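Trainee: First the structure, which I've put down as structure tokens, then a few questions once you've had a look.
In structure tokens form, the structure reads like this:
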């Protein structure tokens, strides 16, 4: 399709010549030169341009005014020939000298051209281009719609047409941007022309001096004639006949002189008029800068087109769900028709304005004829100057200059004619090139891979394939083939899916099985087995890690799937296309088999399997995620059911990644029970997010899930290091996993000590070669102050005014004093548990008040006495101007506190990773944190000279006491109050730091790849 092609071509500079049709040889040509850059980029869509019409070419030859067209679509293949023939800058300087000579000899007159007319001429071609482009789109959209309606029965071609329409819309947006840039380039060229006009004005001033010299000579001639008349009056007394003769002879001389003077005066007035016209032209050229407003209009139109594109994408998604809704495309097509008609109306208006400009230039030609007549009168006047040799020489000089000017004008006409020929050749070459590009584009369109579908689409497709396998509708090998195609995002399986939208399931399965090719993928197949996932089932940071890391690995080209329990308290509205599979997975527990119902859906673009146990104890129908007395049984049951699902689905993952003690059972279950059954392709990765929680239980309870208690209740396996009659799931995962990670490098070092390891330090040290700490990241799409919808005003690192406005908004919302805009606001968002340093948080409230700041706390405590203590503090400061405590969790308010606070307190006693300090810096709140765990890996003291300056991003303290907190808080307050410029630089640095999952995902990817490579090497040796 012609409208889909976009390329880059070049406009050759050329001038618009205004030639008189006068048949006399002493005619004068007036040229307005619009010289653009040697190679001006422009959009090269194939349009029916006015350049190709014979009528327009005839106007160019006659010198009709036609400004350079910014959107002219022709190739640059003739540029080298043009440069060699034109002789580059010499030719341009020659043209400039011609114009200067024309002004010098008072032979140029330029009529006023209004700003609106000049602007209209410049934009005429752009409007034509847009109008004709819309005509092309109209034809294309109509053709697509007709084909779409006629080919619904053959759905494979239908999808191709829809994708072409979408790609076309995207490329049209790029072309509009290129045309805007070309228009800006032309404006710059006009500014250069303005400078040349100033130079011509200076030349006109010099010409004025020549005219004054001519007037002086005429005055001398008058004086001589007057003196001669006086002598003749004396001789009248002696001879009356001679008196008559003398009286008659000067009359014709005096009348001719007076006539000459009048004509010269008239010529001078014409010269003044010419100067005025030149000044007016200068003013009008200055006004051309107003075309910026038109550029803004084009930008608005681009924005409108972008919004239209979004609407089309939305309608495309709807059309995938129900093809019957394609009627909406007809409405869109009608809108395009109306838009084309509107643009055609604009084109007609612009054409009328161009005609008016032609009339103005025709008036200029008439004025030039008057100048020619004046030149004839001047020639007649020179007859009366024959008595003066100087005047005769001056006349000869003038005649030579006129001839020289005529010769130069003739050469310029020849050059213009050559330019026209070059342009015509360029257009022809461009058409040939465009045709070849069309053919290449059609070929590429057939071979290009599909990469424009959302991740949710591919996740949904994977779930459908797995559902067919579990329901025994396809074989394991066929499922593997289809999974690989979906994994690679093969266009064929996408087309097959869209073709089956209106078919029954049997026909859909048949269509999918026709795909016989077997693509390969370099990515890994990774399965997360976890108890949480944000936002559907989130209690703490674990849920954020599952979603954030999963999305980051998915973006890096890996197949990521997640298995969760189906809680009754999940946020089901955050699961897309949740449905139950027509299959029952049986898993062993407590000496018998229990059925499990499997649900599938997508969360944040990731495919998720939800396991619903049909167990009489209703393990996951408790209205809460954790905190049950039988949590050990609940999650050991889930771990085995998850592995049973993988086995029955025929999956062959490369990595099974389990998290925290709730899914730590996966590692021993995998190697002891499921690897012998054939589920042996994966390496096991275990991540402990907090070694405080290890899920220990009586050893006898391990038998419920089918594991051998006698074999595993040993010091080198799952026996708890502190109590030998108890089983420790976290220890078992450390022993049986190929990779063991935790959530920050510093925390990984801390847990290898007796104090930090919570009884597992010896086990971690024994398995230290496979143990590593990787700092977590945050979801920068959710935590982004530039797009955060919870904020009153969005802002970014380069525009901190919005942060100040959010500070005022929060103060108003919480009824805090906002009389002093420079008063620092300290924020704290946390769970009020001993781990978080509640005694230091309490102290920070009072210390902030002493330092003259304001404090806002958001959070609650599961510990009753801590909750009561902070409720008492909240009541004490209930109506205070500078302190506010909100003892509950509020998602919207948390975003506002991050955005409004100047400083953020994180005084944790220990902190495996911590996310609040990263979010705070993302929102421009400087962290004040204790040096422990992940805080030590992400917050670096501003005053620590041992740390490179670019990493210093906050204030830290080591000792978990009031004195340590006072020191860090006091230094932060002094910096804020005494050096606001340096503080703003610190805020800018914090907001610019990258806390996304990209770096963490890369480290996990390297660990996965090394483990898989070692396993494959070991297998090949066997």
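In UniProt numbering, the protein residues as written are 1 to 1022. Just so you know, even glycine gets a beta-carbon here, dropped at the ideal spot from N, CA and C. The model shown is predicted, which means the values in this text are computed figures rather than measured ones.
1) For residue 586, which of helix, strand or coil comes out of DSSP?
2) Can the beta-carbon of residue 1023 be found less than 8 angstroms from the beta-carbon of residue 736?
3) Just verifying my parser: in three-state terms, what is the DSSP assignment at residue 796?
4) Pull up the CB-CB distance for residue 829 and residue 922, whole angstroms please, since I reckon it's below 8 angstroms.
5) Say whether the region 959-979 touches the region 737-749, bearing in mind that this needs 3 or more beta-carbon pairs closer than 8 angstroms, one atom from each stretch.
6) What are the boundary residues of the alpha helix (DSSP H) that residue 596 is part of?
7) Using 8 angstroms as the threshold, is the region 501-517 in touch with the region 528-545, meaning 3 or more CB pairs across them?
8) Is residue 186 helix, strand or coil by DSSP?
9) State whether the region 802-817 contacts the region 863-883, with contact taken as three or more CB pairs (one from each stretch) at a distance under 8 angstroms.
10) Should the region 564-575 be regarded as contacting the region 786-804, the criterion being three or more beta carbon pairs within less than 8 angstroms?
11) So, helix, strand or coil for residue 941, using DSSP?
12) Could you check whether residue 748 and residue 771 sit closer than 8 angstroms to each other, using their CB atoms as the reference points?
13) Name the residue from 716, 370, 637, 604 whose alpha carbon lies nearest to the alpha carbon of residue 618.
14) Just to confirm, is the Cβ distance from residue 903 to residue 972 under 8 angstroms?
15) Residue 827 lies in the alpha helix (DSSP H); which residues open and close that run?
16) Could you check the C-alpha separation between residue 1012 and residue 664 for me, to the nearest Å?
17) In angstroms, rounded to a whole number, what distance separates the CA positions of residue 117 and residue 345?
18) Give the C-beta separation of residue 261 and residue 194 to the nearest angstrom, bearing in mind that I take them to be a contact with Cβ-Cβ under 8 angstroms.
19) Measure how close the beta-carbons of residue 884 and residue 908 come, nearest whole angstrom, since I'm counting them as under 8 angstroms.
20) Whole angstroms are fine: how far does the CA of residue 753 sit from the CA of residue 543?
21) So, using beta-carbon positions, are residue 727 and residue 696 closer together than 8 angstroms?
22) Alpha carbon to alpha carbon, how far is residue 312 from residue 491? Give it in angstroms, no decimals.
23) Relative to the C-alpha of residue 668, which candidate in 706, 698, 689 has its C-alpha closest?
24) From residue 310 to residue 304, what does the alpha carbon distance come to, in whole angstroms?
25) Looking at C-alpha atoms only, which residue of 689, 576, 335 is the closest neighbour of residue 539?
26) Please confirm whether residue 654 and residue 462 have their CB atoms less than 8 angstroms apart.
27) So, is the C-beta of residue 961 closer than 8 angstroms to a C-beta in chain B?
28) Determine the DSSP secondary structure at residue 578, reduced to helix, strand or coil.
29) Count the other C-beta atoms from every protein chain shown that fall within 10 angstroms of the C-beta of residue 518, then say buried if there are 16 or more, exposed otherwise.
30) For residue 377, collect the residues of the same chain with a Cβ closer than 8 angstroms to its Cβ; drop the 5 residues on either side in sequence, then sort them by chain order.
31) Contact between the region 671-686 and the region 551-565: three or more CB pairs below 8 angstroms?
32) Have a look at 894, 353, 413, 851 and flag the residue whose alpha-carbon is nearest the alpha-carbon of residue 976.
33) Quick one, are the C-beta atoms of residue 504 and residue 800 less than 8 angstroms apart?
34) Between which residues of its own chain and residue 698 is the CB-CB distance below 8 angstroms, once the five residues before and five after are set aside?
35) Is the region 579-586 touching the region 455-474 in the sense that three or more CB pairs, one from each, lie closer than 8 angstroms?
36) State the CB to CB distance for the pair residue 278 and residue 200, rounded to an integer number of angstroms; the pair is presumed to be in contact (CB under 8 angstroms).
Mentor: Considering the structure as presented:
1) strand
2) The question about residue 1023 has no answer here: the residues shown for the chain are numbered 1 through 1022.
3) strand
4) At roughly 13 angstroms, the Cβ-Cβ gap does not stay under 8 angstroms, so residue 829 and residue 922 are not in contact.
5) no
6) Here residue 596 belongs to no alpha helix (DSSP H); instead the beta strand (DSSP E) covers 592-603.
7) no
8) helix
9) yes
10) no
11) strand
12) yes
13) 637
14) yes
15) First-last for residue 827: 825-829, but that is the beta strand (DSSP E), not the alpha helix (DSSP H).
16) 20 angstroms
17) With a pLDDT of 48 at residue 117, under the threshold of 50, the modelled position of this residue cannot be trusted; read the value that follows with caution. Rounded to the nearest angstrom, the two C-alpha atoms are 17 angstroms apart.
18) Actually they are not in contact, since the Cβ atoms of residue 261 and residue 194 sit about 37 angstroms apart, beyond 8 angstroms.
19) Actually they do not touch by this definition, with Cβ atoms about 22 angstroms apart.
20) 27 angstroms
21) yes
22) 21 angstroms
23) 706
24) 10 angstroms
25) 689
26) no
27) Reference to chain B is not applicable here, since this structure consists of a single protein chain.
28) strand
29) Because residue 518 sits at a pLDDT of 43, beneath the cut-off of 50, its placement in the model cannot be relied upon, and the point is left open.
30) 263
31) no
32) 851
33) no
34) 725, 726, 727
35) yes
36) 7 angstroms
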